[in-house]
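Asker: Residue numbers (the numbering used here): 309 to 606.
Even for Gly, the Cβ is constructed at its ideal location relative to N, Cα and C.
1) May I ask you to report which of helix, strand or coil DSSP gives residue 603?
2) Report the start-end ranges of each alpha helix (DSSP H) in the stretch 421 to 475 that is 4 residues or longer and not cut off at the edges.
3) Looking at the structure shown, is residue 574 part of a helix, part of a strand, or coil, going by DSSP?
4) Residue range of the beta strand (DSSP E) that residue 334 falls in?
5) One question on the structure: do residue 556 and residue 396 come within less than 8 Å of each other, judged by their Cβ atoms?
6) Can you have a look at residue 522 and say buried or exposed, based on whether 16 or more other CB atoms are within 10 angstroms of its CB?
7) According to DSSP, residue 507 sits in a beta bridge with which residue or residues?
8) Sort out for me which residues DSSP pairs residue 480 with in a bridge.
9) Can you tell me whether DSSP reads residue 373 as helix, strand or coil?
10) State the start and end residues of the unbroken alpha helix (DSSP H) segment that holds residue 317.
11) Taking 7 Å as the limit between beta carbons, can you name the residues of its chain near residue 525, skipping five residues before and five after?
12) Tell me the residue span of the beta strand (DSSP E) that contains residue 389.
13) With a threshold of 7 Å on Cβ separation, who are the neighbours of residue 287 within its own chain once the five nearest residues in sequence on each side are excluded?
14) Do you know offhand how far residue 568's Cα is from residue 562's?
15) Near residue 615, what residues of its chain come up, given a Cβ to Cβ distance below 6 Å and the 5 sequence neighbours on each side ignored?
16) Give the straight-line distance between the Cα atoms of residue 513 and residue 351, rounded to the nearest whole angstrom.
17) Using a Cβ-Cβ cut-off of 8 Å (strictly less than) and excluding sequence neighbours within five positions of residue 577, which residues of its own chain qualify?
18) Pull up the DSSP beta-bridge partners for residue 538, would you.
19) With distances taken from CA atoms, which of 380, 334 and 442 is nearest residue 516?
20) Nearest-angstrom Cα distance between residue 437 and residue 480?
21) Please report the distance separating the alpha-carbon of residue 338 from that of residue 594.
22) In chain order, what residues of the same chain lie with their CB nearer than 7 Å to the CB of residue 340, ignoring the 5 residues before and after it?
23) Using the Cα positions of residue 430 and residue 363, report the straight-line distance between them to the nearest angstrom.
24) Identify which residue in 450, 580 and 476 has its Cα closest to the Cα of residue 504.
25) What is the rounded straight-line gap between the Cα of residue 498 and the Cα of residue 587?
26) Going by Cα to Cα distance, which pick from 579, 453 and 485 is closest to residue 422?
27) Please report the straight-line C-alpha distance between residue 463 and residue 471, rounded to a whole angstrom.
28) Output yes or no for whether 8 Å exceeds the beta carbon distance between residue 336 and residue 359.
29) If you compare alpha carbons, which of 448, 460 and 320 is closest to residue 492?
30) Shortest alpha-carbon distance to residue 509 belongs to which of 404, 570, 447 and 591?
31) Compare the beta carbon distance of residue 566 and residue 553 with 8 Å and say whether it is the shorter of the two.
32) Starting from the Cα of residue 357, find the closest Cα among 327, 315, 325 and 402 and give me that residue.
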């Protein structure tokens with residue numbers, strides 16, 4: 309099964325600073341590219357991986373040091389406790405949607421193929437993209453298009469969808485594109501549709517809530533000196549990761565102790581996020597917008 313090449317592979321491995329005897333977690337297993345590389349660096353150490361997509365099971369690694377947990381990584385702490393794996397030495401999260409999910413038309417993630425508007429990472433989840441487009445009010449739609457898609461004309465798009473659904477369900481990729489075609493800017497229509505689909509996908513999979521829940525748990529499961537390595541692909545996620553690594557929270561001022569020293573669970577490694585080389589972007593277009601941030605538990 310074709311999955312994407314792992315993005316910034318060597319940079320992720322270097323960022324984890326692997327102890328061959330330590331316990332590591334890859335919370336976004338997917339095709340298993342990052343996990344396979346982590347395992348090569350372990351001796352008696354163990355690797356746990358999370359993925360809620362049933363398709364990912366086919367990529368599982370046949371190695372006694374490896375455990376694949378078929379769950380959303382918002383349940384990180386519970387499952388690591390269940391496996392008596394705490395504390396851990398490092399966590400890797402690659403927040404992108406895998407090429408495999410985009411390439412399977414019936415999953416409804418891609419703007420390229422006509423298919424039912426599904427977009428669920430977990431096929432057992434109740435909320436799909438069809439539900440969002442059928443049931444959300446214009447106010448709710450505007451909010452997700454503005455916040456998650458960063459669409460400047462979010463209100464116009466939301467109004468148009470509410471108007472068009474009076475004529476029949478907007479339940480396929482091409483019906484959605486047709487419904488909002490009047491809102492797409494000339495020559496930038498592909499980018500517009502990509503942002504629109506991103507917004508709906510984030511809402512369907514509660515990606516922002518999940519990311520926040522996960523990041524908060526990292527401070528509880530990582531050992532002192534343990535590494536948190538996170539790769540994000542859009543500014544919304546990257547902002548949350550950056551703030552959390554810097555301040556231990558998502559908004560507000562950095563807290564300080566009595567002596568004026570910052571109180572933060574992490575020390576940031578590197579002054580700037582790591583981005584792919586021109587060569588990598590050429591070989592793997594999916595890596596184009598990737599930003600990798602690394603922090604060490606204080």
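Answerer: Inspection of the coordinates gives the following:
1) Residue 603: strand per DSSP, three-state reduction.
2) Taken in chain order, the unbroken stretches of alpha helix (DSSP H) that lie wholly in the stretch 421 to 475 and span 4 residues or more are 437 to 443, 446 to 455 and 462 to 472.
3) In the three-state scheme derived from DSSP, where H, G and I count as helix and E and B as strand, residue 574 is classed as strand.
4) From DSSP, the beta strand (DSSP E) with residue 334 extends over 331 to 334.
5) No, Cβ-Cβ distance for residue 556 and residue 396 is not below 8 Å.
6) Residue 522 is buried by the Cβ-count criterion.
7) According to DSSP, which records beta bridges pairwise, residue 507 is partnered with nothing at all.
8) Its beta-bridge partners are 424.
9) In the structure shown, residue 373 adopts coil according to DSSP, grouped into three states.
10) Residue range 317 to 324 is occupied by the alpha helix (DSSP H) that includes residue 317.
11) Taken in chain order, the residues that qualify are 384 and 385.
12) Run containing residue 389: none in the beta strand (DSSP E); it sits in the alpha helix (DSSP H), 384 to 390.
13) Lying outside 309 to 606, the shown extent of the chain, residue 287 is not represented and no answer is given.
14) One C-alpha to the other measures close to 11 Å.
15) Because the chain in this structure spans residues 309 to 606, residue 615 falls outside the shown range and cannot be described.
16) Between the alpha carbons of residue 513 and residue 351 lies a distance of about 36 Å.
17) Closer than 8 Å at Cβ, skipping near neighbours: 323, 535, 602, 603 and 604.
18) Partner(s): 401 and 601.
19) Taking the Cα of residue 516 as reference, the smallest distance to any Cα among 380, 334 and 442 is reached at 380.
20) Spanning the alpha carbons of residue 437 and residue 480 requires a straight line of approximately 9 Å.
21) Residue 338 and residue 594 have their alpha carbons spaced roughly 14 Å apart.
22) Excluding sequence neighbours, residue 340 sits near 367 and 369.
23) Linking residue 430 to residue 363 through their CA atoms gives a straight-line distance of about 10 Å.
24) Of 450, 580 and 476, the smallest CA-CA separation from residue 504 is found for 450.
25) Approximately 24 Å between the Cα atoms of the pair.
26) Ranked by how close their Cα comes to the Cα of residue 422, the residues 579, 453 and 485 have 485 in first place.
27) Between residue 463 and residue 471, the C-alpha separation is close to 12 Å.
28) Taking 8 Å as the cut-off, the beta carbon of residue 336 is found closer than this to the beta carbon of residue 359.
29) For residue 492, the nearest C-alpha among the options comes from 460.
30) With distances taken between Cα atoms, residue 509 lies closest to 404.
31) In this structure, residue 553 does not lie closer than 8 Å to residue 566 by Cβ.
32) Across the set 327, 315, 325 and 402, the C-alpha of 402 shows the shortest separation from the C-alpha of residue 357.
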